[in-house]
Amino acid sequence: MTATITPARVGARPGEKLPLPSRNALTAAALLLALLGVALWSLSGVGLSWQQVTRGIEYAGSFLARAVPFVWPTLPEILWLSALTLAIVFCGTAMAAILSIPVAYLAARNTTPTRWGGALGRFLGVATRAAPDAIMAMIFAMVIGQGALAGVLALGIHSVGMISKLTADAIEQVPEGPRLALRAAGATKSQEFWGAVWPQVLPAFIAIVLHRADINLRVSVILGFVGVAGLGHQLSIAMQTLNYREALPFAIIIFVLCVAFEIVSALIRRFLLGAPVARRTLAHRLVRALPGGAGAGAGSGAGEAAGAVGAAAEGNSFGRAAFAGRVPWTADRLKSSALLWGTATLLGASIALAATQESSFANFWKNLGIAASRLWPPSLPPAKWEATAIALTETVQIAFAATLLALAGSLILGVFSARNVAPSPAVRGASRFLLVVIRGLPELLLALFFIILTGLGPGAAVLALAIGGVGLLGKLFADSIEEVDRGPERALHAVGATRTQVFTAATFPQATPALVGHTLYLLDTNIRSATVLGIVGGGGIGYMLSSAARINQHELLALLLCVLVIVFAVEGLASWIRRLIA
Amino acid sequence: MHHPAAIQLDSLTKRYGDTVALDDVTLDIAPGERTVLLGLSGSGKSTLLRHLNGLEQPDSGSVSVLGAPVATARGRELRQLRSRVGFIFQQFELVGPRTALENVLTGALSELRGPRLGLLAYPKALRVRAAELLAEVGLEERAFQRADTLSGGQQQRVAIARALMQQPEILLADEPVASLDPESSQQIMALIRELAERRGLAVVCSLHQVELALGWGSRVVGLRAGKVVLDAPAHSLDESAVMAIYQRAGDDSVAPPARQLDLNGAAA
Numbered sequence: 024m025t026a027t028i029t030p031a032r033v034g035a036r037p038g039e040k041l042p043l044p045s046r047n048a049l050t051a052a053a054l055l056l057a058l059l060g061v062a063l064w065s066l067s068g069v070g071l072s073w074q075q076v077t078r079g080i081e082y083a084g085s086f087l088a089r090a091v092p093f094v095w096p097t098l099p100e101i102l103w104l105s106a107l108t109l110a111i112v113f114c115g116t117a118m119a120a121i122l123s124i125p126v127a128y129l130a131a132r133n134t135t136p137t138r139w140g141g142a143l144g145r146f147l148g149v150a151t152r153a154a155p156d157a158i159m160a161m162i163f164a165m166v167i168g169q170g171a172l173a174g175v176l177a178l179g180i181h182s183v184g185m186i187s188k189l190t191a192d193a194i195e196q197v198p199e200g201p202r203l204a205l206r207a208a209g210a211t212k213s214q215e216f217w218g219a220v221w222p223q224v225l226p227a228f229i230a231i232v233l234h235r236a237d238i239n240l241r242v243s244v245i246l247g248f249v250g251v252a253g254l255g256h257q258l259s260i261a262m263q264t265l266n267y268r269e270a271l272p273f274a275i276i277i278f279v280l281c282v283a284f285e286i287v288s289a290l291i292r293r294f295l296l297g298a299p300v301a302r303r304t305l306a307h308r309l310v311r312a313l314p315g316g317a318g319a320g321a322g323s324g325a326g327e328a329a330g331a332v333g334a335a336a337e338g339n340s341f342g343r344a345a346f347a348g349r350v351p352w353t354a355d356r357l358k359s360s361a362l363l364w365g366t367a368t369l370l371g372a373s374i375a376l377a378a379t380q381e382s383s384f385a386n387f388w389k390n391l392g393i394a395a396s397r398l399w400p401p402s403l404p405p406a407k408w409e410a411t412a413i414a415l416t417e418t419v420q421i422a423f424a425a426t427l428l429a430l431a432g433s434l435i436l437g438v439f440s441a442r443n444v445a446p447s448p449a450v451r452g453a454s455r456f457l458l459v460v461i462r463g464l465p466e467l468l469l470a471l472f473f474i475i476l477t478g479l480g481p482g483a484a485v486l487a488l489a490i491g492g493v494g495l496l497g498k499l500f501a502d503s504i505e506e507v508d509r510g511p512e513r514a515l516h517a518v519g520a521t522r523t524q525v526f527t528a529a530t531f532p533q534a535t536p537a538l539v540g541h542t543l544y545l546l547d548t549n550i551r552s553a554t555v556l557g558i559v560g561g562g563g564i565g566y567m568l569s570s571a572a573r574i575n576q577h578e579l580l581a582l583l584l585c586v587l588v589i590v591f592a593v594e595g596l597a598s599w600i601r602r603l604i605a
Numbered sequence: 643m644h645h646p647a648a649i650q651l652d653s654l655t656k657r658y659g660d661t662v663a664l665d666d667v668t669l670d671i672a673p674g675e676r677t678v679l680l681g682l683s684g685s686g687k688s689t690l691l692r693h694l695n696g697l698e699q700p701d702s703g704s705v706s707v708l709g710a711p712v713a714t715a716r717g718r719e720l721r722q723l724r725s726r727v728g729f730i731f732q733q734f735e736l737v738g739p740r741t742a743l744e745n746v747l748t749g750a751l752s753e754l755r756g757p758r759l760g761l762l763a764y765p766k767a768l769r770v771r772a773a774e775l776l777a778e779v780g781l782e783e784r785a786f787q788r789a790d791t792l793s794g795g796q797q798q799r800v801a802i803a804r805a806l807m808q809q810p811e812i813l814l815a816d817e818p819v820a821s822l823d824p825e826s827s828q829q830i831m832a833l834i835r836e837l838a839e840r841r842g843l844a845v846v847c848s849l850h851q852v853e854l855a856l857g858w859g860s861r862v863v864g865l866r867a868g869k870v871v872l873d874a875p876a877h878s879l880d881e882s883a884v885m886a887i888y889q890r891a892g893d894d895s896v897a898p899p900a901r902q903l904d905l906n907g908a909a910a
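So the sequences go chain by chain: X and P. First residue of the first sequence? That's 24 in the numbering used here, and the numbers climb one at a time after it. First residue of the second sequence? That's 643 in the numbering used here, and the numbers climb one at a time after it.
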């Protein structure tokens, strides 16, 4: 009698109902299905069709005919513009990195001094992340003029959102013990943080900042379209004058620069952070961005063994140095000095370069007053409400449709790139390489390319964001699939399951929460990117924003607030679903 | 021993929700005394130690260390008090990515104003002092090696040097050898004893290995469910007397006594 009420027996009886899943799981499933429905509706709504794409290919032919022969800028011009673009990116990223440290300190649960501080830190992170960088650059350009500084400030403020969020996550992962030890020795709060927490966060922080510099380089091209100096600005001038023979070379230079920067930053990461870090958060994934960097978990790596051998050989001289109070040039000291002085030199040069662009603080306060009075109060005439609603819907559709397409592409490339499920090493290598190339393509170039192919409108933005999304999402998927527990896979192999059976029964279910989380993250970024791409002709609210910026800034602020409401709504929904499936 | 007590606990009580971690503990520890705290895990050993440097606050009763009340100390006063009390942790708690020498130097943070990052941020005189302490624990050759590349025993030596860097008057150790193999355990216990004797420090060390405890301490305090159930000079005790600490009410089966190790030999 007691045996009949055990769940196993109930489940085994034919015709008996299975126990219901938990309420959280049901809610999450309903929400995800609803999101999928919205995405399918969006995809049909953005007017993307095969005919359009095939017709676009014909256009591409005539476009290329108008674009050749290329008119290349002179070499000094190329070098100068590239240096200027990089200088703006470095200054902006550095500014964001410095601002992010206090914000992350406030936002991280284990370091925040008060509950209010934590709320403030998280609010600052979300707020800076929500305001699109190109719009910020437009507004700054009104106050301090077009040039470099508006771009630096826009990048410097917007990037705080991502850097502080990921850094706060990394701070929360740090073991508490060393901090407690410093507290027990009588250290102050700030001594605890810089002495025990920061050294443990530093590798992740460097990886996050380098990754953000990668992103900012791509973003700086879009900033060129709102008047920030550099390669993007030259590209926008050439595009606006329909001078494709000059535009295409700029596009090629930008692409090469982006790929080169991605490779250099990956090399820097590997040089500085050879030992892999515990890999749970997005930040830690960035640390091991190179395939070669993916090794054993935290604790003992190859680098440590090498360090021990070196120390034994040089031990005596190090001992003497220590007694004399000297600090010898060990490999670690060389690395940290190289990092410190390299960053300082680069930043100094960048500031000098960016300062050559005319932005003037002479009329700063006056201009600020003028800009504020032009922006405030936000107002939108009722005649434009309908158009705004349509444009906002279009932006949301672009984001959803692009995320759906990116999800489909990333599932294929992600599975082929993951070591534990890829059909063969050759397939894995090829799809990893493809992901790197896709990540190197700035979304703006893709958008311009598709605008040429499909004409102005949401379709171009969808394709651009979808391809750009595969670059990011595919890599995150591959990493998450590789990180599943190997036990269940081995167990299924042992009972004679096929590769597909192992994947569907063991690997995929374990990776699902991570995959859902990454997809929601992409949706979140795509809403903002869809807005920004509208500025260059990708449809949606972005176009209205850029014309409002020129004509009526009261409308600009009102529209911006509408965008922020949507961004916050999607962000809130995403974090709700993440909590439900956690 | 004419000096006032190094540590005075008076009716110390601490609760976590419904569980009583410390129940009316009254204890005096004299300067230079080597006290071993014994008891099952959860008997209150760690909680007791953490009250002695203000990492925990009592619910009632008083804690006085080196003549100063700990429970009411705040801010600068509390940090000053903590700097006079060295603490050694079970898990060493070194800052992994930093060198052994820099980890030792963090023990001197209370002497300095403001945060420090990197060896060069510390005054040279302190670097020399830290190097001498590393030599004293036998690790001068490892001074510039990352702490997370050292073995467990070596890491605990660095942690001991860090505690001594504070120039403490009292040394507290919370299960300092629980994460180490038997050989390293003996070496670390002998090292703590030797260094403390050389400096005349009072030591309070919690342990769960009875065989390590008897040869090492001058006094044994047994805790059970937060109450002091044994307090006697170590030389007056044999293992069966100590094993009674681990007995639960109504439980007659006592684990067979383990062999006693001669730690005086190991220390030499």
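Ideal Cβ placement from N, Cα and C applies to all residues, glycine included.
Delimiting residues of the beta strand (DSSP E) encompassing residue i
i	result
Leu-679(P)	676 to 680
Asp-816(P)	812 to 816
Thr-668(P)	661 to 671
Phe-93(X)	Note, Phe-93(X): premise wrong, no beta strand (DSSP E); not H, not E.
Lys-358(X)	Note, Lys-358(X): premise wrong, no beta strand (DSSP E); alpha helix (DSSP H) at 354 to 378.
Phe-729(P)	727 to 730
Val-779(P)	From DSSP, Val-779(P) is part of no beta strand (DSSP E); its letter is neither H nor E.
Ala-844(P)	844 to 848
Beta-carbon proximity check, residue i vs residue j, cutoff 8 Å
i	j	result
His-516(X)	Val-525(X)	yes
Ala-763(P)	Leu-776(P)	no
Gly-250(X)	Ser-243(X)	no
Leu-679(P)	Leu-865(P)	yes
Ala-208(X)	Ser-702(P)	no
Phe-423(X)	Ala-62(X)	yes
Leu-614(P)	Arg-726(P)	Nothing in the structure corresponds to residue 614(P), since chain P is present only between 643 and 910.
Leu-457(X)	Leu-436(X)	yes
Lys-442(X)	Glu-505(X)	As written in the sequence, residue 442(X) is Arg, which differs from the Lys given in the question. Contact: yes.
Ala-663(P)	Ala-647(P)	no
Residue i at chain B interface by Cβ criterion, 8 Å
i	result
Lys-869(P)	Among the chains of the structure shown, chain B does not appear; the protein chains present are X and P.
Residue span of the alpha helix (DSSP H) that contains residue i, given as start and end
i	result
Ile-596(P)	Lying before the first or after the last residue shown, residue 596(P) is absent from chain P, which here runs from 643 to 910.
Val-460(X)	448 to 463
Gln-650(P)	Where Gln-650(P) is concerned, there is no enclosing alpha helix (DSSP H), although the beta strand (DSSP E) it sits in stretches over 649 to 658.
Lys-212(X)	212 to 215
Ser-65(X)	46 to 68
Thr-411(X)	408 to 440
Gln-576(X)	576 to 604
Leu-43(X)	Neither: Leu-43(X) is in no alpha helix (DSSP H) and is coded neither H nor E.
Beta-bridge pairing of residue i - partner residues as DSSP gives them
i	result
Ile-286(X)	Its beta-bridge partners do not exist; DSSP assigns none.
Thr-741(P)	Arg-788(P)
Leu-942(P)	With chain P running from 643 to 910 in the structure shown, residue 942(P) is simply not present.
Ser-704(P)	Asp-652(P)
Val-518(X)	DSSP output for Val-518(X) lists no bridge partner at all.
Pro-711(P)	Ser-706(P)
Val-251(X)	Gly-170(X)
Chain X contact residues for residue i, given Cβ-Cβ distances below 8 Å
i	result
Leu-708(P)	Correct list: empty, because the minimum Cβ distance to chain X is about 13 Å.
Chain X contact residues for residue i, given Cβ-Cβ distances below 7 Å
i	result
Arg-740(P)	Pro-222
Glu-817(P)	Going along chain X, no residue has its Cβ under 7 Å from Glu-817(P), so there is no contact; the nearest lies around 13 Å.
Ala-922(P)	Coverage of chain P is limited to positions 643 through 910, which leaves residue 922(P) absent and any answer about it impossible.
Gly-600(P)	Since the first residue shown for chain P is 643 and the last is 910, residue 600(P) is missing from the structure and cannot be characterised.
Residue i: contacting residues in chain P (beta-carbon distance under 9 Å)
i	result
Gly-432(X)	Those do not exist, as Gly-432(X) stays about 38 Å from chain P at its closest Cβ, beyond 9 Å.
Phe-216(X)	Pro-757
Interface residues of chain P facing residue i [CB-CB closer than 8 Å]
i	result
Arg-206(X)	Leu-697 and Arg-724
Leu-203(X)	Leu-697, Phe-731 and Glu-735
Residue i: CB within 7 Å of a non-hydrogen atom of the ligand SAH
i	result
Ile-167(X)	With respect to small molecules bound, the structure shown includes none, and the ligand SAH cannot be examined in it.
Q: Select from the region 110 to 124 of chain X all residues with a C-beta closer than 9 Å to any C-beta belonging to chain P, and list them in chain order.
A: none
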